[in-house]
Ligand code: MN3
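In our numbering, the protein residues as written are 226 to 453.
This is the structure:
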């Protein structure tokens, strides 16, 4: 059984960029529902006891759309909470700053690309900063779709483009939401850790391991726990 991971900050910690009301609905209602549905569906599919990363990939492989959508959304939101911080003192530094310069020609150009991709994405989904063989890239995914099921791509940062992420605070103004998200709460320290993890220097983000006991327990020695 997966648990809903607590927010890594208080509900009002991201104000005024993101209201406590938005975070409360988003985490306590939307994210919680995805986790609960994943638990029910993973059990039916005989996948309980497996890591959420495995559940997402297995659901995709088996064409189990309902489980994939809920499990991927459970994972995407847990990752998204880490991508924001009340102490998001920018700009990015070190290897991440260099990688952004190489790929986009500077932070401003990256922010423009990220905001444009996110704004132009039609309907619900996610805008990601990812790294891969060709360096950093901005991509979007539709609805629940995520990057766990994409070969050779590793996530550094994501912004939620579903209306529930911004409608209470920004109504239809998605461009304003993304712009302020990037400049006020984007967690560069987390993205830097993810970049290091992509190079094998440390463990990357993992969803908290499922509670053992319901089904098959996580086997010891396998990397199923999130990095500290
Ligand atoms: Mn959401």
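Heads up, the beta-carbon is just placed ideally off N, CA and C, and yes, glycines get one too.
Helix, strand or coil for residue i? Go by DSSP, reduced to three states.
i: residue 474; result: There is simply no residue 474 to check, as the chain begins at 226 and stops at 453 in what is shown.
i: residue 442; result: Only weak support is given to the placement of residue 442: the predicted model assigns it a pLDDT of 41, under 50, and the question is left unresolved by the model.
i: residue 236; result: coil
i: residue 358; result: coil
i: residue 387; result: coil
Does the distance between the C-beta of residue i and the nearest non-hydrogen atom of the ligand MN3 fall short of 7 angstroms?
i: residue 390; result: yes
i: residue 300; result: no
i: residue 387; result: yes
i: residue 255; result: yes
Could you tell me if residue i is buried or exposed, where buried requires 16 or more neighbouring beta carbons within 10 angstroms of its beta carbon?
i: residue 350; result: buried
i: residue 391; result: buried
i: residue 477; result: The shown model of the chain, from 226 to 453, leaves out residue 477, and the question about it has no answer.
i: residue 298; result: buried
i: residue 319; result: exposed
Counting only the same chain and skipping the five closest in sequence on each side, list residues whose C-beta sits under 6 angstroms from that of residue i.
i: residue 267; result: 273, 280
i: residue 234; result: 311
Ordered along the chain, which non-local residues of its own chain (more than five positions away) have a Cβ less than 8 angstroms from that of residue i?
i: residue 317; result: 325, 332, 413, 416, 417
i: residue 301; result: 351, 369, 371, 383, 385
Could you check whether the stretch 379–391 touches the stretch 339–353, counting it as contact only if at least three pairs of C-beta atoms, one from each stretch, sit closer than 8 angstroms? yes
Taking 8 angstroms as the cut-off, does the stretch 416–431 touch the stretch 396–403 (at least 3 CB pairs, one atom from each stretch)? no
State whether the stretch 290–307 contacts the stretch 245–257, with contact taken as three or more CB pairs (one from each stretch) at a distance under 8 angstroms. yes
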